[in-house]
Amino acid sequence: EPDNRFVIMNSGDEMTVKFSNSDILTLQKGWVRDYLLYSDGWLKDGDMNTARGQTVAPLPFHALEAYPYGPEQKTLDEGAYREYLMQYNTRRVTGDVFREKLSVPPSNN
């Protein structure tokens, strides 16, 4: 069942998934094992024409009826979800570095 707790990533971020393989049978010689990763999420770009594209908030969730949602949409506000937000969604990213790189003249090297 979905828990609406997503990994929020930025351009250039990467994620490592670790899991125990102690319950998996040893393969026969010459065999290989493939893994499939099923992901569930949303993509939101930072384009100035994207609704609220300069922030990840408001975060989408599975019972979402429309995005961006208005005050009539029931949101996730229970304790465990709030704790998740406070513990894991703490990074602040601005467009400052991007704008600075645009304003630096090219070098002659």
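Following the working numbering, the numbering of the sequence shown begins with 526 at its first residue and continues without gaps. Note that the Cβ used here is the ideal one computed from N, Cα and C, for glycine as well. Nothing here was measured: the structure is a model prediction, and the numbers come from that model.
Item                                                                         : Value
Backbone CA spacing between PRO630 and PRO527 [nearest angstrom]             : 47 angstroms
Minimum C-alpha distance to PHE586 - residue among ALA576, GLY578, LEU601    : LEU601
Simplified DSSP state of TYR563, which is helix, strand or coil              : coil
Collapsed DSSP secondary structure at SER628 in the structure displayed      : helix
Opening and closing residue of the alpha helix (DSSP H) in which GLN612 lies : 604 to 613
Under 8 angstroms between C-beta atoms of TYR609 and ARG530                  : yes
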